[in-house]
Amino acid sequence: MGSIHLVTHVPGPKSVDIVARRRAAMSNGAAFLTELAIESAAGAVVTDVDGNRLLDFAGGIGVLAAGHCPPAVVDAIQSQAGDLMHICNIVATHEASVELAEALNAAAPGDFDKKCMLMNSGAEAVESAVKIARAATGRAGVLVFEGAYHGRTNMTMSMTSKYSLFKKGFGPFASEVYRVPFPNILRRPAGTDVDEFIDWSVQRLHDAMIGFVDPTALAAVVIEPVQGEGGFIPAPPRFLEAIRQICDTHGIVMVADEVQAGFGRTGRLFSIEHSGVVPDLITMAKSMGSGMPISAVVGRADLLDAPHPGGMGGTYSGNPLACVAALETIKIVNTPEFLNRATEVGERLRAGLELIAAKHPVRVAEVRGLGPMLAMELVADNALTPDPDLTAAVTKATTARGLITIRAGLFGNCVRFLPPLTITDEQIDEALALLDDAFSAAVAEVKAR
Ligand SMILES: Cc1ncc(COP(=O)(O)O)c(C=O)c1O
Numbered sequence: 039m040g041s042i043h044l045v046t047h048v049p050g051p052k053s054v055d056i057v058a059r060r061r062a063a064m065s066n067g068a069a070f071l072t073e074l075a076i077e078s079a080a081g082a083v084v085t086d087v088d089g090n091r092l093l094d095f096a097g098g099i100g101v102l103a104a105g106h107c108p109p110a111v112v113d114a115i116q117s118q119a120g121d122l123m124h125i126c127n128i129v130a131t132h133e134a135s136v137e138l139a140e141a142l143n144a145a146a147p148g149d150f151d152k153k154c155m156l157m158n159s160g161a162e163a164v165e166s167a168v169k170i171a172r173a174a175t176g177r178a179g180v181l182v183f184e185g186a187y188h189g190r191t192n193m194t195m196s197m198t199s200k201y202s203l204f205k206k207g208f209g210p211f212a213s214e215v216y217r218v219p220f221p222n223i224l225r226r227p228a229g230t231d232v233d234e235f236i237d238w239s240v241q242r243l244h245d246a247m248i249g250f251v252d253p254t255a256l257a258a259v260v261i262e263p264v265q266g267e268g269g270f271i272p273a274p275p276r277f278l279e280a281i282r283q284i285c286d287t288h289g290i291v292m293v294a295d296e297v298q299a300g301f302g303r304t305g306r307l308f309s310i311e312h313s314g315v316v317p318d319l320i321t322m323a324k325s326m327g328s329g330m331p332i333s334a335v336v337g338r339a340d341l342l343d344a345p346h347p348g349g350m351g352g353t354y355s356g357n358p359l360a361c362v363a364a365l366e367t368i369k370i371v372n373t374p375e376f377l378n379r380a381t382e383v384g385e386r387l388r389a390g391l392e393l394i395a396a397k398h399p400v401r402v403a404e405v406r407g408l409g410p411m412l413a414m415e416l417v418a419d420n421a422l423t424p425d426p427d428l429t430a431a432v433t434k435a436t437t438a439r440g441l442i443t444i445r446a447g448l449f450g451n452c453v454r455f456l457p458p459l460t461i462t463d464e465q466i467d468e469a470l471a472l473l474d475d476a477f478s479a480a481v482a483e484v485k486a487r
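What follows is the structure in structure tokens.
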């Protein structure tokens, strides 16, 4: 028997009712991608309030590398909750926060002294990295990329690229943010060779130091080594090396935003490790806490010590429950067994996605990603016209059949796959068979409109 078991239509009547109450009681500003109300979850399976069991390939948007409710994490939270739920690291120190910082410093790439700052969300970590870089360099400028997503606070929204979904109506934005193209190989000019395109992208980066901003005005270059919301686009290693070289030459802080791609999501603890490039600071969140709200900036000790005492942190930074959850999650994720298995998950999933793509050669422009962080980009024609309608139809069709998937991409035309990496081969195969069926149904539905 498979993992998926549906006892009602999806969404079922209880989900519909709760979602209607959500619409009435909660702000429209926080959107939702499915009409499901979930009651419980374990591993890769969620159970909704109607008793339907679904496979979760959204993983709380990349939060559940170690799966839903990993028993060791649950035990640690339960036992910690009875002892101390909060003290505030500004008032006093809780040992788990120190242990966590030590573990993160040891795990992050870089053969230099490291320190760590704990925060609550991905956006807060990115915003903190910018503050650290500014304090350390005495400069204001921040260089970011087309397609980037860094969060929804004012600074990180300003650093985020996609306007309509994330920025419309929310200006004025933070100043001193400069944006350059990201080498999206699929969308390179027709007829251009891949290597030449990467050369061109590197040259654009150098040109930006004359045309957009002087490098001596830049505090930081912030890059997602694999763009997340942008559609799971890996940065070519040569591009990351060029950023490293520019940062070294001009004393700029290189920040790798690993909020979505970190913590095992690509088969390495941090996705930038695939390239061998060592950033000065890494921002991390999502899978770090298996669902507890926790994030961190980890990197060069001298940079982390640059802000004045009191300038950083917050009431909940280093919360005991979140710290013990993260400590147990690292023990699970940062092992060769887990990371090797994550790579196998990626290989199996990619092979299955390629087979589905081969059945729809015009509609699937690309299956791409790094390790098990995979997406399909969907288009309407050979000219690669983005097809967000087909994408929405696919995610709706998979969810109705019991497989939760969500979209991504600057053009909203990628289906992204973020399953728990504890998933079994049988569950991957079950999901792929269902996706195959849902994809054909979605193509027929969109054609008939
Ligand atoms: C790369 C990246 N940075 C930052 C963020 C913001 O994280 P949060 O939603 O926890 O604020 C995200 C969230 O998706 C992300 O993918």
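In this text, residue positions in the sequence shown follow the working numbering: the first is 39, and each later residue adds one.
Think of the CB as a built atom: it goes at the ideal place given N, C-alpha and C, for glycine as much as any other residue.
Backbone secondary structure at residue i - three-state DSSP
i, result
"E375", "helix"
"S333", "strand"
"H288", "helix"
"C154", "strand"
"A480", "helix"
"S78", "strand"
"H244", "helix"
"F270", "coil"
"V45", "coil"
"T353", "coil"
"G249", "helix"
Residue i: first and last residue of the uninterrupted alpha helix (DSSP H) it sits in
i, result
"A339", "339-342"
"Y201", "201-204"
"S53", "51-63"
"I115", "109-121"
"V259", "Where V259 is concerned, there is no enclosing alpha helix (DSSP H), although the beta strand (DSSP E) it sits in stretches over 256-261."
"R172", "160-175"
Separation of residue j from residue i, as counted between CA atoms
i, j, result
"E279", "V264", "14 angstroms"
"V54", "A480", "22 angstroms"
"S309", "G302", "8 angstroms"
"N66", "V87", "22 angstroms"
"A344", "M193", "20 angstroms"
"L92", "L393", "23 angstroms"
"M123", "S328", "17 angstroms"
"N420", "R61", "39 angstroms"
"K169", "D340", "14 angstroms"
"A435", "A476", "5 angstroms"
"P458", "A103", "5 angstroms"
"M322", "G160", "7 angstroms"
"L203", "T437", "22 angstroms"
"S166", "P399", "43 angstroms"
"R190", "G207", "13 angstroms"
"D286", "L307", "24 angstroms"
"E385", "G409", "7 angstroms"
"C154", "S478", "47 angstroms"
"T355", "L156", "Note on residue identity: the sequence assigns Ser, not Thr, to residue 355. Their backbone Cα atoms lie some 5 angstroms apart in a straight line."
"A482", "L365", "47 angstroms"
"L473", "Q241", "40 angstroms"
Residue burial classification, residue i (beta-carbon count within 10 angstroms, cutoff 16)
i, result
"D295", "buried"
"M411", "buried"
"N158", "buried"
"M39", "exposed"
"N378", "exposed"
"R406", "buried"
"S239", "buried"
"G266", "buried"
"M247", "buried"
"Q298", "buried"
"R487", "exposed"
"K485", "exposed"
"I128", "exposed"
"P147", "buried"
"D149", "exposed"
"H43", "exposed"
"V101", "buried"
Residue i, enclosing beta strand (DSSP E) - first and last residue
i, result
"I455", "It is Phe, not Ile, that sits at residue 455 in the sequence shown. Start and end: 452-455."
"M411", "411-416"
"T443", "Where T443 is concerned, there is no enclosing beta strand (DSSP E), given that its DSSP letter is neither H nor E."
"E404", "402-408"
"R91", "91-94"
"T85", "83-86"
"V215", "215-218"
Beta-carbon separation (whole angstroms), residue i vs residue j, contact threshold 8 angstroms
i, j, result
"G185", "A413", "G185 to A413, Cβ: 13 angstroms. No contact."
"Q118", "V335", "That belief does not hold up - the Cβ atoms of Q118 and V335 are roughly 23 angstroms apart, past 8 angstroms."
"I236", "R276", "5 angstroms"
"A174", "V291", "6 angstroms"
"K200", "L448", "6 angstroms"
"A171", "V293", "7 angstroms"
"L317", "G289", "The sequence given here places Pro at residue 317; Leu does not occur at that position. Not quite, the Cβ-Cβ distance comes to about 15 angstroms (not below 8 angstroms), so this is no contact."
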